[in-house]
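Since the structure comes first, as structure tokens, the remarks are kept for the end.
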Amino acid sequence: MLSSKRLTQAAGMVVLSVTLGAVLEARTRKGDKLLLQSRTAELRKEWDKALALAEEALSEDPADIAYQLATTRLRFYASQYHIDQGKKLRNDGKLDEALAEFQKAYGINPASSMAEEEISRTKGMIEREKNKPAGEQKSEERSLTPAQIEKRREEKKFASMLPVPELRQLNPVPINLKMNNQQPKVLFETVGKLAGINVLFDPEFTTAGVSPKPLSIELNNATLDEALDYLSLVTKSFWKPLSSNAIFVTQDNPTKRRDFEDWVVKVFYLTNVLTAQELQEIVTAIRSVVEIQKIFTYQAQNAIIVRGEADKVALAEKLVADLDKPKSEVIIDVIVLQVNRALERDLAAAVAPNGINSPISFTPRSSISVPATPSAPSTTPGTTPATTSTSTSIPLSNIGRISTRDFSLTLPGGLLNALLNDTNSKVLQSPQVRAVDGFKVQLNIGDKVPYATGSFQPGIGGVGINPLVNTQFTFLDVGVNVLITPKILGPDEVHLHVEIDISNVREFLDLGGVKEPDVAQTKIINDVRLKQGEVNLMGGLMQIQETKGVTGVPGLGNIPIIRRLFTSETTKKDSQELVIALVPHIVRTPEISDVNLRSISAGNQTTVKLNYAPQKPAEAPPATPVPQPGPPPQSELLAPETVPNAPAAEPVPNAPPQTLPQIPGVNAPPVRLPITAPAQSESPPATAPPATAPPAPPAQAPAGNARVTFVPSQTNAQFNGTVTVSLMVENAADLAATPMQIRFDPKVLRLNDVVRGNLLTSDGGVFEKYSERHRGGQRECQPLPVDRRRQRLRLYRDAGISGHRARRDGRNGPAAYPAQFAIPAHPDRHAAAHSQSEVTTYAEAAESTRAFVDRADRGVHDSPHPDDDGGAARALQSAQRERARAATRTD
2 MLSSKRLTQA
12 AGMVVLSVTL
22 GAVLEARTRK
32 GDKLLLQSRT
42 AELRKEWDKA
52 LALAEEALSE
62 DPADIAYQLA
72 TTRLRFYASQ
82 YHIDQGKKLR
92 NDGKLDEALA
102 EFQKAYGINP
112 ASSMAEEEIS
122 RTKGMIEREK
132 NKPAGEQKSE
142 ERSLTPAQIE
152 KRREEKKFAS
162 MLPVPELRQL
172 NPVPINLKMN
182 NQQPKVLFET
192 VGKLAGINVL
202 FDPEFTTAGV
212 SPKPLSIELN
222 NATLDEALDY
232 LSLVTKSFWK
242 PLSSNAIFVT
252 QDNPTKRRDF
262 EDWVVKVFYL
272 TNVLTAQELQ
282 EIVTAIRSVV
292 EIQKIFTYQA
302 QNAIIVRGEA
312 DKVALAEKLV
322 ADLDKPKSEV
332 IIDVIVLQVN
342 RALERDLAAA
352 VAPNGINSPI
362 SFTPRSSISV
372 PATPSAPSTT
382 PGTTPATTST
392 STSIPLSNIG
402 RISTRDFSLT
412 LPGGLLNALL
422 NDTNSKVLQS
432 PQVRAVDGFK
442 VQLNIGDKVP
452 YATGSFQPGI
462 GGVGINPLVN
472 TQFTFLDVGV
482 NVLITPKILG
492 PDEVHLHVEI
502 DISNVREFLD
512 LGGVKEPDVA
522 QTKIINDVRL
532 KQGEVNLMGG
542 LMQIQETKGV
552 TGVPGLGNIP
562 IIRRLFTSET
572 TKKDSQELVI
582 ALVPHIVRTP
592 EISDVNLRSI
602 SAGNQTTVKL
612 NYAPQKPAEA
622 PPATPVPQPG
632 PPPQSELLAP
642 ETVPNAPAAE
652 PVPNAPPQTL
662 PQIPGVNAPP
672 VRLPITAPAQ
682 SESPPATAPP
692 ATAPPAPPAQ
702 APAGNARVTF
712 VPSQTNAQFN
722 GTVTVSLMVE
732 NAADLAATPM
742 QIRFDPKVLR
752 LNDVVRGNLL
762 TSDGGVFEKY
772 SERHRGGQRE
782 CQPLPVDRRR
792 QRLRLYRDAG
802 ISGHRARRDG
812 RNGPAAYPAQ
822 FAIPAHPDRH
832 AAAHSQSEVT
842 TYAEAAESTR
852 AFVDRADRGV
862 HDSPHPDDDG
872 GAARALQSAQ
882 RERARAATRT
892 D
């Protein structure tokens, strides 16, 4: 009965365990299925779906470690995914959508500090946009964080930092100038006017440091920088550019240079420096040669930070460019050829080939020998009892009984031995190494063999102390070991410091119970200088060793015929040949150009100054010809085809000094001067001698090319009277200088004076006038009035006039160049007939643009200079026609 109850309970427990096991197994299979689906979604980058499936699997079995790890990992990836999406939306300016993504990321993984920071940052950006006044920030800054906005502002600020001002000459024509007895300030101002730049002076320039004595200077075909340097040299002054069209002039002394010389900061990034020592050597060279004290190295970036005067920093930049060159490289072929041969021969065909060695042994008979003492019996079970040993001792009483039977002799035997051993070995090794100039390169080919270097044994014993001997071992490189340090000496030569070690293990020797290797070594240390591709034998070894051994019976072994029967002969012959060769191949040399080899001017001992060649102007594309509908109007100004050089006039002795600059723009190609027509404005009347007032200027011409006209174009006057004509300039752009020449007939007219009008004179323009005379091949100048054929005039200012500046300066005023002509009575036969006269002029203006105006009814003539080929003849013909017409009217 009891047994049946126990069986029933056992059966129930089995059923319960089976049921619970089935339930647990079913739940685990569902969680694994969800986890597998989660991993599939993870591979498709569907992080939200993968996280949801992993969390569902974890809910099936919260104690499963695999489910917990998968859920934690997917929470991190899903949160990071939403953070990345939020940043993309924020960069596109979608702040609200970005904030929602960041909040979703924080909800998935509340432990993410990055999501919390992005939420705070995005909320601040949204608040900034709400409180931003209209038009305060650009729309592109909406997607930027405050840190990004500040960084962008700093980048713009850094990009807006300007380098040292560089002077640019408005007029690229070389300066030709001769001035006598002028003050230094006038010299600088004149050069500035010619080049179209502004000149500012130190208030102390004219009061201290500079000699007030007038100076004379002549400049021929000089650039602007050269002209200013020449003036600085003779006047002991110092100039520096303030902008592209302005300079500052002061005394040249250490105090002024310290106060006014520009300093710059520059960082040089070196790309070919490999060690800190090389970087420091370049810094030392710059500090010693350029004398720059403020210099620092930053080894992490191979950078050099320099602060100093502009020319010193420029010179340091030149030195860095010359020194920071790619290092030379060379490939070296190391050829090792080793040939070994071992020949061994052993011959023996004789009786007693190793000599006679027959010992005689005494073996007495037992009857006369002393019986041996038996050994003690063994008590160990299973062992054999001791036996009596044979004794060679005999009693003295038995000495007489000794006979030949008690002795034994071993006779020598015969031997037939023939052995030949021939061993040949050849070793060819040809490693290649590539090395940089000045750096060691090492190549090891072979094995590492251990050998004992020492041993010790503890002096005391005890628990935990090893009583055995401790031996220290070191590994030896066996094989081919090459150590080369190259030095490139040019494009085709190299110096090599070579260490070649060739070794091999011959055998192992037993030394004190330790087998030590017996190493054969060949080592070469040498310095050689080789050419590109040259084969050099570093070392050669030829070793021949012969060993011959003979063993046998003395005497019998020396008999010529029968000695082979009583001797054996062993012959060994070892030969070894070793050849080591080097072949260098230069694969890279320093990139040294002619600029690196050329010496440059660097100033003097106290001042570093660099000179630069003038930059060539950029070539303009060929202009497309524009068809002309008809002849130009009367007052249109055309450029001449060729303009001859107008040399500066020599001053007349005892005459007041005059500044006689060279007329710029010579040999210029024909051009038209395009300009937009400014608004018409009134100008104050010109200051001129009392004369007949000229009529009102013509109406404003439409926008187009620059025009030069005379008002009036023709006039009538009485004998001994005066007439005034004015030169009008219209539609001029950037008009900075107006050199001109006036031609007239001295038999009809005499030039009394030329005065400047209000054009270019409102802010301190300079006006020059003089007369030229050729006498004996020399040019002379005289003050007005004169009665010769040609006069020269020049008016210039600091900068060109155009636009509003031109209108303010009275560009279209009533009188630009009023010229007063007198009509004297001449003894010429035609003088009485000249009751009336017509004025003929020749003008050169608007930067070398010239026009010849004859009469109003004849229009504007595009004629060459009267001094050109054919120009004088045409001028003479024009004068003759004028005289003929005047004579006809008188008759």
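Taking the working numbering, the leading residue of the sequence shown gets 2, the next gets one more, and so forth.
No residue lacks a Cβ here, since even glycine has one placed at the ideal position from N, Cα and C.
If you're wondering where the values come from, they're calculated on a predicted model, not measured in any experiment.
(request) Could you spell out where the beta strand (DSSP E) holding Lys573 opens and where it closes? (result) It spans 568-589 - the beta strand (DSSP E) in which Lys573 sits, taken as one unbroken run.
(message) Applying the 10 Å Cβ sphere with the 16-neighbour rule, what's the burial state of Pro396?
(response) Under this definition Pro396 is an exposed residue.
(message) DSSP three-state label for Lys326, please.
(response) Coil, per DSSP.
(request) Verify whether the separation of the beta carbon atoms of Val335 and Val495 is less than 8 Å. (result) The answer is no: Cβ separation not under 8 Å.
(message) With DSSP as the reference, identify every bridge partner of Asn482, one or two as the case may be.
(response) Answer is Asn445, Asp502.
(request) Please name the residue in Leu225, Phe159, Pro164, Ser144 whose C-alpha comes closest to that of Pro175. (result) Here the closest residue by C-alpha is Leu225.
(request) Assuming Asn505 and Val479 form a contact by the criterion Cβ under 8 Å, report the distance between their Cβ atoms to the nearest whole angstrom. (result) Right, their Cβ atoms sit about 6 Å apart.
(message) Which residue marks the beginning of the alpha helix (DSSP H) containing Phe239, and which one marks its end?
(response) The continuous stretches of alpha helix (DSSP H) do not include Phe239, which lies in the beta strand (DSSP E) extending over residues 238-244.
(request) Would you list the residues sitting across from Tyr452 in a DSSP beta bridge? (result) Thr475, per the DSSP bridge assignment.
(request) Assign Asp85 to one of two classes, buried (16 or more other C-beta atoms within 10 Å of its C-beta) or exposed (fewer than that). (result) Under a 10 Å Cβ-count criterion, Asp85 is classified as exposed, with fewer than 16 other Cβ atoms of the shown protein chains found around its own Cβ.
(message) Tell me the DSSP secondary structure of Leu168 in three-state form.
(response) Of the three classes helix, strand and coil, the one that applies to Leu168 here is coil, per DSSP.
(request) Report the residue from Gly32, Phe202, Gly439 whose alpha carbon sits nearest the alpha carbon of Thr276. (result) Among Gly32, Phe202, Gly439, the Cα nearest to that of Thr276 belongs to Gly439.
(request) Whole angstroms is fine: what's the gap from Ser404's alpha carbon to Thr364's? (result) One alpha carbon belongs to Ser404, the other to Thr364, and they sit about 11 Å apart.
(message) Can you check which of these residues, Val437, Leu444, Ser362, is closest to Leu412 by C-alpha distance?
(response) The shortest Cα separation from Leu412 among Val437, Leu444, Ser362 belongs to Ser362.
(request) Within its chain, find whatever has a CB closer than 8 Å to the CB of Lys257; leave out the 5 residues flanking it on each side and keep chain order. (result) Around Lys257, the same chain offers Asp203, Gly210, Phe239, Thr251 as residues with beta carbons nearer than 8 Å, after the five sequence neighbours per side are excluded.
(request) Give the DSSP-derived three-state secondary structure of Ala614 in the structure shown. (result) Secondary structure of Ala614 (DSSP, three-state): coil.
(request) Using alpha carbons as the reference points, say which of Asn471, Ala343, Leu444 lies closest to Asn425. (result) With distances taken between Cα atoms, Asn425 lies closest to Ala343.
(request) Name the residue from Asn92, Met126, Lys95, Phe77 whose alpha carbon lies nearest to the alpha carbon of Ser114. (result) Selected option, being the one with the closest Cα: Phe77.
(request) In the DSSP assignment, find the alpha helix (DSSP H) that holds Phe189 and state where it starts and stops. (result) It spans 185-196 - the alpha helix (DSSP H) in which Phe189 sits, taken as one unbroken run.
(request) Quick one: grab the DSSP three-state call for Lys157. (result) Reduced to three states, the DSSP call for Lys157 is helix.
(request) Rank Arg45, Asp754, Asn597 by C-alpha distance to the C-alpha of Ala322 and give the top, closest one. (result) It is Asn597.
(request) Find the nearest neighbour of Leu950 within the set Ala64, Ile109, Phe206, judged by alpha-carbon distance. (result) With the chain covering 2 to 892 only, the question about residue 950 has no answer from this structure.
(request) Determine the extent of the beta strand (DSSP E) in which Asp528 is found, giving its start and end residues. (result) Element bounds for Asp528: 515-532.
(message) Tell me whether Ala223, by its Cβ, gets closer than 7 Å to a heavy atom of the ligand GDP.
(response) By its list of ligands, the structure shown contains no ligand whatsoever, and the ligand GDP lies outside what it can speak to.
(message) Quick check on Val749: buried or exposed, where buried means 16 or more other Cβ atoms within 10 Å of its Cβ?
(response) Val749 sits buried, since 16 or more C-beta atoms from the chains shown fall within 10 Å of its C-beta.
(request) Check each candidate in Pro185, Ala71, Glu167 and name the one with the smallest Cα separation from Ile198. (result) The candidate whose alpha carbon is nearest that of Ile198 is Glu167.
(message) Going by beta-carbon coordinates alone, are Ile293 and Val268 separated by less than 8 Å?
(response) No. Outside cutoff.
(message) Considering only their Cβ atoms, is the gap separating Arg154 from Leu902 smaller than 8 Å?
(response) What is shown of the chain runs 2 to 892, which leaves residue 902 out entirely.
(message) With distance defined between alpha-carbon atoms, name the residue in Thr571, Val609, Arg708 nearest to Ala349.
(response) Nearest of Thr571, Val609, Arg708 to Ala349, Cα basis: Thr571.
(request) Starting from Ser217, trace the beta strand (DSSP E) both ways and give me its first and last residue. (result) Where Ser217 is concerned, the enclosing beta strand (DSSP E) stretches over 216-223.
(message) Am I right that Leu96 and Met126 are in contact with their C-beta atoms under 8 Å? What's the rounded C-beta distance?
(response) For a cut-off of 8 Å, the C-beta gap from Leu96 to Met126 is around 6 Å, short enough to register as a contact.
(message) For Leu410 and Glu508, I'd like the C-alpha separation in whole angstroms.
(response) Roughly 41 Å separates the two Cα atoms.
(message) Between the alpha carbons of Lys194 and Val200, how many angstroms are there, rounded?
(response) Near 9 Å, if we compare the C-alpha coordinates of Val200 and Lys194.
(message) Among Phe474, Val442, Asn445, Leu444, whose alpha-carbon lies nearest the alpha-carbon of Ser456?
(response) Of the residues Phe474, Val442, Asn445, Leu444, the one whose Cα lies closest to the Cα of Ser456 is Phe474.
(request) Return the residue from the list Ser217, Gly556, Val584, Gln546 that minimises the CA-CA distance to Ser575. (result) The sequence given here places Asp at residue 575; Ser does not occur at that position. That would be Gln546, whose Cα lies nearest to the Cα of Asp575.
(message) So within the stretch 74-117, which uninterrupted alpha helix (DSSP H) runs reach at least 4 residues, ignoring any that extend past its ends?
(response) DSSP runs (the alpha helix (DSSP H)) wholly in the stretch 74-117: 96-109.
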